[in-house]
Amino acid sequence: MSQTSLKTKKKNEPGMRYSKESLDAEKRKDSDKSGARLSTQGSQEIPVPNTDSRGYVVRNQWSRTSRSPSTRAPSVDENRSRNTVVKQAPNSSANSRTSSASASQHETSTSPPPQVSEKSPVQQPSPQTRTITPLDSQPPTPPETEPDSRRTSKMYTATDPWAHRDNREPRDLQLREYAHSCDSREGIPKTREYPRTPPTEWKSYVQRRLQYGSSVDMDPDCLPDGQHHRQKQQIEEDEVDEAYWSSVSMLYEKIPSCTRPRPPKPKHAITIAVSSRALFNMVDDRKIYEEEGLEKYMEYQLTNENVILTPGPAFRFVKALQHVNSRLRDLYPDEQDLFDIVLMTNNHAQVGVRLINSVNHYGLLIDRFCLTGGKSPIGYLKAYLTNLYLSADSEKVQEAIKEGIASATMFAGAKDMAYCDTQLRVAFDGDAVLFSDESEHIAKDHGLDKFFQHETLFENKPLAQGPLKGFLEDLGKLQKKFYAKDERLLCPIRTYLVTARSAASSGARVLKTLRRWGLEIDEALFLAGAPKGPILVKIRPHIFFDDQMFHIEAAQKFGTITAHVPYGIAQKRN
């Protein structure tokens, strides 16, 4: 048996008691021995690891009895009895505890045992009894402080950090309970709820202020003289403002809705290009340009840009086109096959302000302008996808005809005439307008007899188309939209054929040609050489197309608005 075990046995024999002084002396002796270190002056202290008899390194455990555990490494000469493991029988665990008890434990055995806190999860072993394990296999043991310390509560109270989430109530429920608790507290008033006014019940500022009230509305007798005067003045100003806004609201209620419809897309629209001189009466302006030059003309336009221009020969025709658009939008809200009017002029851009003011004054829905600044606008007609070009300049009209664009020169009537505002009325001549001039060649070269024989011989052969045939097709396409809605008798478009042909000898070929084209003409008037003026007075068309100037002049005398089409053999004789 080793010397260490014998010493331990002697200490544990019954009747052997060490006094308190001897124990303290022994402890001091051990501490003095453990203080021996390999040290030299100016060198660093190097601790020597403690090993047992088998060569294992003995790890110094954290003290479980001190509030502030010591982290000092064990010394070389520390008492072996404190680090020695007493071999125990496998079936006597109680004896092992008794045999490994220290002398201090025997001394305090007569006193009552210390009460272990219920919060401590692990039973505290004796500080002198240590288990010797290999250094690699022994896990690090954290210090266990007293149960009342903060460190113990932080390290061992919550084993699962997410366990408390399962017991929490939903956030919205917590917020509702918190709001309810806030409202139910004493001394904190609830949020004031004001009555909501429906949108239809509009009230003025003065009425709303009297309804809700405020801290400003105090008893006038309690206010100073200056503040009372200011309050009275504020009330008077509010009443004046209320009267002003009431008058303004009544004024706007009387004004009709000015919702401006969007223009149709050019690829679907029927584009009518109108010059400024055809739309407005600019005869005096033209004289200034011809007599005084361009600079004086521009100066005159800038000076009179707020002066509204008077209507020209194409004005009523444009108004009738807009009425047709309105009727089509009523039947077809998303309709794109509409008339689109473009103001096409060679005026300078400085004149555009006066033109815009005049267009807006008459309520014309003209959104697209083309101001070429002195150059001919003919080159822009195809770019604007023009279907019909109306101008007061015959030279530009001839240029457009050569380009294959339906064009006509506008002439105003010699006297005023009443026109229908609910129906667009368009009258056409036959030869060299709707049809080609092949028949007129025969009449002019060989006489009327040869002409009648020719028409009878080729009665079933359709005539070639003329420059205005495309415009008649556009009108017919829009008419069919009204027919589809059972609006034939109330259709806002009506077409007329006013021709000098004879119905018996040459009228059949004309009607069969229209039928072959798939076009319908509302009224066909064969005059057999009679003047057209009196018939046109009865029709009162917004525009009458003809290729011969003597028919144009005759119709002008009766007040008919005419449009000369410079096409065909008749232009060589004019």
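Following our numbering, the numbering of the sequence shown begins with 1495 at its first residue and continues without gaps. Virtual Cβ for every residue (Gly too), placed ideally from N, Cα, C. This one's a predicted model, so the numbers in the text were calculated from it and none came from an experiment.
Residue i lies in the beta strand (DSSP E); which residues open and close that run?
i, result
"Met2043", "Note, Met2043: premise wrong, no beta strand (DSSP E); alpha helix (DSSP H) at Met2043 to Lys2051."
"Met1904", "Ser1901 to Phe1905"
"Asn1881", "Thr1880 to Ser1885"
"Ala1937", "Per DSSP, Ala1937 belongs to no beta strand (DSSP E); it is in the alpha helix (DSSP H), Glu1932 to Leu1951."
"Thr1765", "Ile1764 to Val1768"
"Leu1991", "Ile1987 to Thr1993"
"Leu1918", "Leu1918 to Phe1922"
Going by DSSP, what residue range makes up the alpha helix (DSSP H) through residue i?
i, result
"Met1776", "No alpha helix (DSSP H) holds Met1776; DSSP gives it neither H nor E."
"Glu1981", "Neither: Glu1981 is in no alpha helix (DSSP H) and is coded neither H nor E."
"Ser2069", "Absent from the structure is residue 2069, since the part of the chain shown begins at 1495 and ends at 2068."
"Ala2002", "Ala2002 to Trp2011"
"Leu1859", "Careful: Leu1859 lies outside any alpha helix (DSSP H) and carries neither H nor E."
"Tyr1826", "Where Tyr1826 is concerned, there is no enclosing alpha helix (DSSP H), given that its DSSP letter is neither H nor E."
"Leu2019", "Taken as a continuous stretch (DSSP letters only), Leu2019 belongs to no alpha helix (DSSP H), being part of the beta strand (DSSP E) at Glu2017 to Phe2020."
"Gly1873", "Ile1872 to Leu1875"
"Thr1866", "Careful: Thr1866 lies outside any alpha helix (DSSP H) and carries neither H nor E."
"Glu1793", "Leu1788 to Thr1797"
"Leu1962", "Premise fails: Leu1962 is in no alpha helix (DSSP H) and is neither H nor E."
"Leu2030", "Gly2027 to Ile2033"
If I measure Cβ to Cβ from residue i and keep anything under 8 Å in the same chain, skipping five residues before and after, which residues do I get?
i, result
"Lys1876", "Glu1897 and Ile1899"
"Lys1971", "Asp1831"
"Pro1760", "Asp1834, Tyr1878 and Leu1879"
"Val1927", "Gly1960, Pro1961, Leu1962, Phe2039, Asp2040, Asp2041, Val2059 and Tyr2061"
"Ala2048", "Pro2025, Lys2026 and Gly2027"
"Glu1785", "none"
Can you list, in chain order, the residues of its chain with a C-beta nearer than 6 Å to that of residue i? Leave out the 5 residues immediately preceding and following it.
i, result
"His1762", "Gln1830 and Asp1831"
"Ala2018", "Leu1991"
"Gln1892", "Pro2060"
"Arg2003", "Glu1949 and Glu1953"
"Arg1862", "Val1836"
"Phe1945", "Ile1936 and Ala1937"
"Ser1901", "Tyr1883, Val1891, Ala1894 and Ile1895"
"Gln1538", "Residue confidence is low: Gln1538 scores 48 on pLDDT, short of 50, so the model does not pin down where it sits. Its coordinate-derived value is still stated next. Around Gln1538: no qualifying Cβ."
"Tyr1791", "Ile1782 and Tyr1783"
"Ala2022", "Ser1996"
"Gly1806", "Ala1772, Leu1773, Phe1774 and Asn1775"
Could you round the C-beta distance between residue i and residue j to whole angstroms and report it? I think they count as a contact, below 8 Å.
i, j, result
"Ser1852", "Ile1802", "5 Å"
"Thr1993", "Phe2020", "6 Å"
"Ala1436", "His2036", "The structure shown does not extend to residue 1436, since the chain is modelled only from 1495 through 2068, so no value can be given for it."
"His2074", "Asp1915", "In this structure the chain extends from 1495 to 2068, so residue 2074 is not present and cannot be described."
"Leu1492", "Ile1987", "Absent from the structure is residue 1492, since the part of the chain shown begins at 1495 and ends at 2068."
"Lys1974", "Leu1825", "Contact doesn't hold; Cβ gap of about 12 Å is too wide."
"Arg1810", "Pro1755", "Wrong, their Cβ atoms sit about 21 Å apart, outside the cutoff."
"Ile1764", "Asp1943", "That pair is no contact at about 41 Å."
Identify, in the order they occur along the chain, each residue of the same chain with its Cβ nearer than 7 Å to the Cβ of residue i, setting aside the five sequence neighbours on each side.
i, result
"Leu2008", "Ile2015"
"Gly1924", "Leu1991, Thr1993, Arg1995 and Val2004"
"Phe1965", "Asn1881, Leu1882 and Ala1900"
"Ala1907", "Checking the sequence shown, residue 1907 turns out to be Gly, not Ala. Only Gln2050, Gly2053, Thr2054 and Ile2055 meet the Cβ criterion."
"Lys2066", "none"
From the DSSP output, in three-state form, read off residue i for me.
i, result
"Asn2096", "The question about residue 2096 has no answer here: the residues shown for the chain are numbered 1495 through 2068."
"Pro1621", "For Pro1621, the predicted structure reports a pLDDT of 43, less than 50, and the residue's modelled location is therefore unreliable. A value from the coordinates is still provided. Coil."
"Gln2058", "Before going further, note that residue 2058 is His rather than Gln in the sequence given. DSSP places His2058 in strand when its eight states are reduced to three."
"Met1911", "coil"
"Gln2065", "helix"
"Leu1803", "coil"
"Val1927", "coil"
"Thr1839", "strand"
"Val1812", "helix"
"Ser1596", "With a pLDDT of 43 at Ser1596, under the threshold of 50, the predicted position of this residue should be treated as unreliable, though the coordinate-derived value follows. Coil."
Do residue i and the ligand NAD come close, with the Cβ less than 8 Å from some heavy atom?
i, result
"Ala2018", "With respect to small molecules bound, the structure shown includes none, and the ligand NAD cannot be examined in it."
Closest Cβ-Cβ distance between residue i and chain C: below 9 Å?
i, result
"Cys1914", "No chain C appears in this structure, which consists of one protein chain only."
- prompt: Counting Cβ pairs, one atom from each stretch, are 3 or more of them under 8 Å apart for the segment 1990–2005 and the segment 1940–1952?
  reply: Touching, per the Cβ criterion.
Three or more C-beta pairs below 8 Å linking the segment 1957–1966 and the segment 1922–1937: Flag = yes, the segment 1957–1966 and the segment 1922–1937 touch.
Three-pair Cβ contact test at 8 Å for the segment 1766–1782 versus the segment 1882–1889: Touching, per the Cβ criterion.
task: State whether the segment 1838–1854 contacts the segment 1782–1795, with contact taken as three or more CB pairs (one from each stretch) at a distance under 8 Å.
output: Because the criterion of three Cβ pairs below 8 Å is met, the segment 1838–1854 and the segment 1782–1795 touch.
- request: Say whether the segment 1867–1875 touches the segment 2016–2026, bearing in mind that this needs 3 or more beta-carbon pairs closer than 8 Å, one atom from each stretch.
  value: The answer is no - the segment 2016–2026 does not touch the segment 1867–1875, with fewer than three Cβ pairs under 8 Å.
message: Pairs of beta-carbons, one from the segment 1904–1918 and one from the segment 2050–2061, closer than 8 Å: are there three or more?
response: Judged by Cβ distances under 8 Å, the segment 1904–1918 makes contact with the segment 2050–2061, as three or more pairs qualify.
query: When the Cβ atoms of the segment 1774–1792 are set against those of the segment 1817–1831, are three or more pairs found closer than 8 Å?
result: Short answer: they don't touch.
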